[in-house]
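The numbers in the sequence shown follow the working numbering, run straight up by one, and end at 207. This report concerns only the one structure given below.
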Amino acid sequence: MLIYSSKLMGTPVLSLQTGAPIGYVAKAIINPEDLQIIALELNGPIISESNLLDTSSIREYSTYGIVVDSIDELISPEDVIKISEIMQLNFNLINLKVETKKGSKLGHIIDYTISSDNLLVQQLIVKRPLIKSLVDPELTIPRAEIIEISDYKIIIKDEVKTIKEKSTKEEFVPNFVNPFRNQEQGFVPADTKTPDAQDN
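Given below as structure tokens:
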């Protein structure tokens, strides 16, 4: 299924071992080379210096949250060299400018979607400049149109097809028994905004 990054923030991370949340997603660490989320930075009352979740440790992303085996899956920034190096880049998709190969300015990124299967960024949600927004307030740009990424902007093909649409949610079917699935509702972060509250 496709997940909006704005809805990923504040998502609880649940432990199979304890049956309780161990923290909440505060930040996504994205590799700018392939736009894949390689780690999640967590917040929460029991989170210590080991506040990163390597995304390879995720068992499932469901409507109740992100499921991992236990809190022992959390690591510190220094534990994995690759994650540490990418964190030092301080790369963030939000607010990056988007231009075509010929230099036409399309706007700036206000959100993006990722696939729950591989945590790759699939679409960029771009807010148009004021004048152009009268016709198309937002553009949805698929990852296949991206040809260059820098710290300041993303360049896409000139022939990009811009589509105004919202991604439809898919029913996720897990391949193991999830004890949280029997609960009537998911965990809601106590000290963070709910995903709905972040929608603009």
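Cβ atoms here follow ideal geometry from the backbone N, Cα and C, with glycine treated the same way. Since this is a predicted model, take the numbers as computed values, not measurements.
Would DSSP call residue i helix, strand or coil?
i	result
Ile-153	strand
Thr-169	Residue confidence is low: Thr-169 scores 48 on pLDDT, short of 50, so the model does not pin down where it sits. Its coordinate-derived value is still stated next. Coil.
Glu-106	strand
Ser-111	coil
Glu-145	strand
Ser-123	coil
Could you check which residue in the options has the C-alpha nearest to that of residue i?
i	options	result
Arg-66	Ser-77, Gln-130 and Ile-132	Ser-77
His-208	Val-105, Val-74 and Ile-156	Since the displayed the chain opens at 8 and closes at 207, residue 208 lies outside it and no answer follows.
Tyr-11	Leu-100, Glu-80 and Ser-157	Leu-100
Glu-48	Ser-123, Asp-61, Tyr-71 and Ile-117	Asp-61
Pro-144	Val-133, Arg-150 and Ala-151	Val-133
Lys-109	Ile-161, Glu-40, Asp-41 and Ile-90	Ile-161
Ser-13	Gly-26, Ser-22, Pro-28 and Ala-33	Ala-33
Asp-158	Ile-121, Ile-54 and Leu-96	Leu-96
Could you please give the first and the last residue of the uninterrupted alpha helix (DSSP H) stretch that includes residue i?
i	result
Ile-88	88 to 96
Ser-12	12 to 15
Compute the beta-carbon to beta-carbon distance between residue i and residue j, rounded to the nearest angstrom, for a pair I have assumed lies under 8 angstroms.
i	j	result
Ile-163	Ile-153	6 angstroms
Ser-57	Leu-81	4 angstroms
Gly-17	Gly-51	The pair is not a contact, with the Cβ atoms about 11 angstroms apart (cut-off 8 angstroms).
Pro-84	Ile-93	That pair is no contact at about 10 angstroms.
For the beta strand (DSSP E) containing residue i, list its first residue and its last residue.
i	result
Leu-60	59 to 61
Gln-130	128 to 134
Lys-164	From DSSP, Lys-164 is part of no beta strand (DSSP E); its letter is neither H nor E.
Arg-83	Residue identity differs from the one stated: residue 83 is Ser in this sequence, not Arg. Note, Ser-83: premise wrong, no beta strand (DSSP E); not H, not E.
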